[in-house]
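**Student:**
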Amino acid sequence: MKVRIGYGLGTGTHLNDGGFADVVDALERLRFDSLWLSERIGGDAPDPLVAMSFAAGRTTRLKFGMSVMVLPGRNPVVLAKELATLVRLSNGRLLPAFGLGVANPHEQQAFGVERKDRAKIFDEALAVMRSCWADETTTFHGERFHYDALRVLPKPKQNPLEVWLGGIAPSELKRVGRMADGWLPSFVTPADVAIARPVIEQVAAEHDRAIPADHFGVLIPYTHGPLPEALVAGLAARRPDIEDIAELVPQGWDALLATIDRFVDVGTTKFVVLPIVEPGGPEGWMAELDAAAQILLPRQT
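Each position in the sequence shown, counted from 1, maps to that position plus 209 in this note's numbering.
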């Protein structure tokens, strides 16, 4: 199976002007596999759809995905049209990944969806989008969405257009098994993956589905120095079962490489690495990517 390494910018990035173009060009030149954009309405991170379209227009090889794009609160038909168009214009380089949205009152207000309603809306919206991509016409009647013989063109180059989902909670793992073509969790350990993957595969089998063996990935945040105290506290609250935060955020290139190798040992082959403390501006990103290419890309097979 092919090991591939891409870079994520994260929700805290400030690359929303000319520096973003520099990073895109460097990722293409250095031959990283992919670029991943995160979504945060109240942050400086660029909108994923706009940023991916910009990146597609500057490159010919680099793939791009969302880590992740919030689905509840969007019109699934319009989004299906937009993403299918991007797939066609980029010659199939899109890696769509969706989520329910962060449990944050500000973000929930922006998307206009109550937290308790997100999962049901997500499931319906993804079903609508898959029909828009695959079927000649879409007829769908759920609690939220209703369509009769709706025609959406163009269709994506891929059939099916593969969708990646994340999450590690039991409900999230079941959703991956029921609905996803790939799994891309974050803030997990190789031990987490070894436990979770059989659950995903069992649920998929129960729904007469199978996730390709090389469609299990992971987003790995890393740092070159101590983590900010606020971040340590946040990670401790998110994963109180982890005593050593370095299990979730490796410190230094050697630790990052060792973490990648441990994930490979449990069958993970697709990686998105993300500096959890953003390098200092475009120049810092250039130095980071040049160093990463020398150290990480030999792991690609």
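Where a beta carbon is used, it is the ideal one built from N, C-alpha and C, also for glycine.
(1) Just to check my reading of the structure: residue 427 and residue 409 have Cβ atoms closer than 8 Å, yes? What is that Cβ distance to the nearest angstrom?
(2) When the Cβ atoms of the segment 350 to 357 are set against those of the segment 287 to 299, are three or more pairs found closer than 8 Å?
(3) Between residue 305 and residue 343, how many whole angstroms is the CB-CB distance? I'm expecting something under 8 Å.
(4) Should residue 425 and residue 478 be called a contact, given that it needs their Cβ atoms to be closer than 8 Å?
(5) Taking the alpha helix (DSSP H) that residue 286 falls in, what are its first and last residues?
(6) Is DSSP giving residue 215 helix, strand or coil here?
(7) Here's a check: name, in chain order, each residue in its chain whose Cβ is nearer than 8 Å to the Cβ of residue 322, leaving out the five neighbours to either side.
(8) Between the Cα of residue 406 and the Cα atoms of 422, 372 and 416, which residue gives the shortest distance?
(9) Going by C-alpha distance, which of 278, 301, 216 and 279 is nearest residue 270?
(10) Can you find the residues in the same chain that come closer than 7 Å, C-beta to C-beta, to residue 448, ignoring five residues on each side of it along the sequence?
(11) Starting from residue 315, trace the alpha helix (DSSP H) in both directions and tell me its first and last residue.
(12) In whole angstroms, what separates the C-alpha of residue 326 from that of residue 314?
(13) Measuring alpha carbon to alpha carbon, tell me which of 381, 251, 272 and 375 ends up nearest residue 213.
(14) Using the beta-carbon count (16 or more within 10 Å), is residue 265 buried or exposed?
(15) Relative to the C-alpha of residue 243, which residue among 461, 387 and 217 is closest?
(16) Quick one: using the 10 Å Cβ neighbour count with 16 as the cut-off for buried, is residue 420 buried or exposed?
(17) Return helix, strand or coil for residue 510, following the three-state DSSP convention.
(18) In or out: residue 450 buried (at least 16 other Cβ within 10 Å) or exposed?
(19) If you check the beta carbons only, do residue 248 and residue 278 fall under 8 Å apart?
(20) What first and last residue would you give for the alpha helix (DSSP H) that runs through residue 412?
(21) The beta strand (DSSP E) spanning residue 395 covers which residue range?
(22) Looking at the structure shown, is residue 247 part of a helix, part of a strand, or coil, going by DSSP?
(23) Taking the beta strand (DSSP E) that residue 383 belongs to, which residues open and close that run?
(24) So, at 8 Å on beta carbons, what are the nonlocal neighbours of residue 499 in its own chain, with the 5 sequence-adjacent residues on each side left out?
(25) Suppose you measure from the CA of residue 485 to the CA of residue 298; what does that come to, to the nearest Å?
(26) Using the Cβ count rule (16 or more neighbours within 10 Å means buried), how would you classify residue 401?
(27) Taking the C-alpha atoms as reference points, what is the distance between residue 495 and residue 364?
(28) In the DSSP assignment, find the unbroken alpha helix (DSSP H) run with residue 485 in it and report its ends.
(29) Quick one: which unbroken alpha helix (DSSP H) runs of 4-plus residues sit fully inside the segment 255 to 289? Chain order, please.
(30) Would residue 501 be called buried (16 or more neighbouring beta carbons within 10 Å of its own) or exposed?
(31) For residue 334, which of 382, 441, 503 and 388 has the nearest alpha-carbon?
**Tutor:** Result, derived from the coordinates:
(1) The pair is not a contact, with the Cβ atoms about 13 Å apart (cut-off 8 Å).
(2) Contact annotation: the segment 350 to 357 does not touch the segment 287 to 299, with fewer than three C-beta pairs closer than 8 Å.
(3) Beta-carbon to beta-carbon, residue 305 and residue 343 are separated by about 14 Å, too far to satisfy the 8 Å threshold.
(4) For residue 425 and residue 478, yes; Cβs fall inside 8 Å.
(5) Element bounds for residue 286: 285 to 298.
(6) Three-state DSSP puts residue 215 in a strand.
(7) Result list for residue 322: 281, 282, 310 and 330, in chain order.
(8) Per the Cα distances, 422.
(9) With distances taken between Cα atoms, residue 270 lies closest to 301.
(10) Excluding residues within five positions, the ones whose Cβ falls inside 7 Å are 396 and 457.
(11) Unbroken alpha helix (DSSP H) run through residue 315: 314 to 320.
(12) Distance between the alpha carbons of residue 326 and residue 314 is about 14 Å.
(13) Nearest option by C-alpha distance: 272.
(14) Counting Cβ neighbours within 10 Å, residue 265 comes out buried, since at least 16 surround it.
(15) Comparing Cα-Cα distances from residue 243 to each of 461, 387 and 217, the minimum goes to 217.
(16) Per the 10 Å Cβ criterion, buried.
(17) In the three-state scheme derived from DSSP, where H, G and I count as helix and E and B as strand, residue 510 is classed as coil.
(18) By the neighbour-count definition (other C-beta atoms within 10 Å, threshold 16), residue 450 is an exposed residue.
(19) Yes.
(20) In the DSSP annotation of this structure, the continuous segment of the alpha helix (DSSP H) that includes residue 412 starts and ends at 399 to 415.
(21) Looking at the DSSP string, residue 395 is not in any beta strand (DSSP E), and its letter there is neither H nor E.
(22) Annotated three-state conformation of residue 247 is coil, per DSSP.
(23) Counting along the chain, residue 383 sits inside no beta strand (DSSP E); it lies in the alpha helix (DSSP H) bounded by residues 379 to 388.
(24) Excluding positions up to five away in sequence, the list reads 235 and 239.
(25) Near 32 Å, if we compare the C-alpha coordinates of residue 298 and residue 485.
(26) Buried, by the Cβ-count rule.
(27) Between residue 495 and residue 364, the C-alpha separation is close to 36 Å.
(28) Taken as a continuous stretch (DSSP letters only), residue 485 belongs to no alpha helix (DSSP H), as it is neither H nor E.
(29) As far as the segment 255 to 289 is concerned, its whole alpha helix (DSSP H) runs of at least 4 residues are 257 to 267.
(30) A residue is called buried when at least 16 other Cβ atoms come within 10 angstroms of its Cβ; residue 501 meets this threshold and is buried.
(31) Cα-wise, what sits closest to residue 334 is 388.
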